[in-house]
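In the working numbering, the protein residues as written are 83 to 201.
First the structure, in the form of structure tokens, and then the observations on it.
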């Protein structure tokens, strides 16, 4: 069972329940994948709300690997989710929320996101 206090989520993929978590290593993997210089740049990238199918594959793959599952992005790309693409988007949104928390109200209104760590 997923432990939300540790940033874990539970998700159905390919008819199976999986645990996902964005560990420090998984976040470093995503920094590389998205060519982000640091964690703040990664947060800003996600705050745009614009993710491609490839982006969702990378985030879900990193979350699965962060939880100790030996899966490749290619394997993730072949998986199915309840509700199709909307299901994948919901998994990514839930994982990012579990990792970074909810945005502050002013952030949700289109303002600049606050830095995750001081510059």
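Even glycine gets a Cβ: it sits at the ideal position worked out from N, Cα and C.
Tell me, which residues are paired with residue 101 by DSSP? Under DSSP, residue 101 forms a beta bridge with 92.
In its own chain, which residues sit with a C-beta less than 8 Å from the C-beta of residue 108, not counting the 5 before and 5 after it? Spatial neighbours of residue 108 in its own chain (CB-CB distance under 8 Å, excluding positions within 5 residues in sequence) are listed in chain order as 144, 145, 147 and 148.
Excluding five sequence neighbours on each side, which residues of the same chain lie with their C-beta closer than 8 Å to the C-beta of residue 106? Contacts found: none.
For residue 134 and residue 85, what's the separation of their Cα atoms in angstroms? Whole-angstrom Cα-Cα distance: 28 Å.
Contact set for residue 177: own chain, Cβ-Cβ below 6 Å, skip 5 residues either direction: Excluding sequence neighbours, residue 177 sits near 91, 102 and 145.
Taking the alpha helix (DSSP H) that residue 130 belongs to, which residues open and close that run? Counting along the chain, residue 130 falls outside any alpha helix (DSSP H), and DSSP gives it neither H nor E.
Residue 89 and residue 180 - do their beta-carbons sit closer together than 8 Å? Annotated as proximal: residue 180 and residue 89, with beta-carbon spacing under 8 Å.
I'd like the list of long-range same chain contacts for residue 165, defined as Cβ closer than 6 Å, with 5 residues on each side in sequence excluded. Result list for residue 165: empty, nothing under 6 Å.
Give the DSSP-derived three-state secondary structure of residue 160 in the structure shown. Here residue 160 sits in coil by DSSP.
Can you tell me whether DSSP reads residue 84 as helix, strand or coil? Coil at residue 84, not helix or strand.
Does the distance from the CB of residue 139 to the CB of residue 158 come in under 8 Å? It is a contact, given that the beta carbons lie within the stated cut-off.
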